[in-house]
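Q: Position 154 of the sequence shown, counted from 1, bears residue number 154 in this note's numbering, the numbering being contiguous throughout.
Ideal Cβ placement from N, Cα and C applies to all residues, glycine included.
All figures in this text were calculated on a predicted structure; none of them were measured in a lab.
Below is one structure. I have some questions about it.
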Amino acid sequence: MLHPDYLLRQQRLQSYMQEAGFDALVLSSNVALLYVYGQVFAGLAVLLQQGEAHYFVRRPQTQPETSQLHHIRKIEQLPEWLDLKPLRRVALEQDEQSYSDVQRMARIFEGAEIVNATPLLRRARMVKTPLELEQLRQCAAQHVAVYREVPKAYREGMTDRDLQIELERVMRQHGSVGLFRCFGSAMEIFMGSLLAGDNAGTASPYDFALGGAGTTALPLGANGTPLTEGTAVMVDMAGNYGVYYSDLTRTYSVGQLPAEAYRLHELSRQLH
């Protein structure tokens with residue numbers, strides 16, 4: 001039995017499908033399945049313009065089959081449960097799927113126009129449901145609790161990387177699931193950025209506002225800068241303490257910084 005909030009999300013998607021003239025919406029990414037079902041599984045969710053979604057599960061097949069949940073070995077089995085012939089416009093997650101996956105899916109919906117579902121999904125997720133808001137609040141509360149531990153985690157002689165590793169440990173102790181997702185085929189992310197001193201001005205190839213030299217394999221974030229007296233430290237560790245992320249950035253210092261640094265920090269704070 002799905003939580004009513006997931007049915008609300010499906011109804012929102014269906015209203016947008018009707019506006020766009022989509023007969024079916026096929027979801028395959030972990031994020032999309034989590035959004036409509038509340039759990040990640042290997043398989044597909046298929047949403048028509050009316051009624052509850054159908055879930056086609058390859059792994060794990062631990063839940064009993066129902067009128068909406070079906071165990072499959074391969075996606076070509078969809079016609080065993082759904083009449084696909086009347087479907088004229090089928091939306092796939094084309095910004096997430098590989099070309100070969102899209103082509104494979106198109107063969108299943110033979111004769112249907114294949115369109116991109118990603119803009120529709122983004123639109124639906126822009127407005128959070130009551131359960132989503134509560135999950136975000138819970139995540140943010142854990143995030144704040146972790147940041148209270150930053151001064152305690154620092155020890156003299158640390159580098160930025162040393163402090164980041166210590167904060168990653170604290171994050172896991174506070175319930176971080178340790179997995180971080182980001183959108184884009186060339187995008188990569190980890191547990192967050194801790195930038196100290198001049199390294200904060202180093203550009204990164206990723207589409208993040210922040211940079212940092214990092215390493216050759218991951219040119220982002222900490223690079224081994226010593227945390228010496230008079231060093232500014234910016235902590236932007238990712239908050240993933242459940243289903244949703246929270247984004248929280250705070251600035252600390254080792255000892256005192258020049259007066260100009262405090263003036264500019266206060267100016268930035270007022271602007272935001």
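#1: Measure the C-alpha to C-alpha separation of L7 and L194 and round it to an integer number of angstroms.
#2: On the premise that H3 lies in contact with G51, defined as a C-beta separation below 8 angstroms, what is that separation, rounded to the nearest angstrom?
#3: Which residues does DSSP list as the beta-bridge partners of H71?
#4: My guess is that A238 and F180 are in contact by the Cβ rule of under 8 angstroms, so how many angstroms apart are they, rounded?
#5: Tell me the DSSP bridge mates of D236?
#6: Closest by CA to D5, which one among A106, Q135, K85, D101?
#7: Could you tell me which uninterrupted beta strand (DSSP E) segments, each at least 3 residues in length, are contained entirely in the segment 198-258, listed from first to last along the chain?
#8: Any contact between the segment 186-193 and the segment 205-223? By contact I mean 3 or more CB pairs, one from each, below 8 angstroms.
#9: Quick one: Cα of R148 to Cα of L210, how far?
#10: From this set, V102, H71, E65, which residue's C-alpha is nearest S29's C-alpha?
#11: On the three-state DSSP scale, how would you describe R107?
#12: With H, G and I counted as helix, E and B as strand and the rest as coil, what does DSSP make of R89?
#13: Classify L48 as helix, strand or coil using the three-state DSSP reduction.
#14: Check each candidate in N223, H71, G197, L227 and name the one with the smallest Cα separation from P60.
#15: Check whether the Cβ atoms of F41 and V31 lie closer than 7 angstroms to each other.
#16: Less than 8 angstroms between the CB atoms is what I'm expecting for V144 and L167, so what's the real figure, rounded?
#17: DSSP three-state call for A112: helix, strand or coil?
#18: Alpha carbon to alpha carbon, what distance is there between N223 and I108?
#19: Would A112 pass as a contact of L131 if the rule is Cβ separation under 7 angstroms?
#20: Is the separation between the beta-carbon of M158 and that of L227 shorter than 7 angstroms?
A: This is what the structure holds:
#1: 39 angstroms
#2: The pair is not a contact, with the Cβ atoms about 18 angstroms apart (cut-off 8 angstroms).
#3: V57
#4: 5 angstroms
#5: S193
#6: Q135
#7: 231-237, 250-254
#8: yes
#9: 22 angstroms
#10: V102
#11: helix
#12: strand
#13: strand
#14: H71
#15: no
#16: Incorrect: roughly 14 angstroms between the Cβ atoms, too far for contact.
#17: coil
#18: 49 angstroms
#19: no
#20: yes
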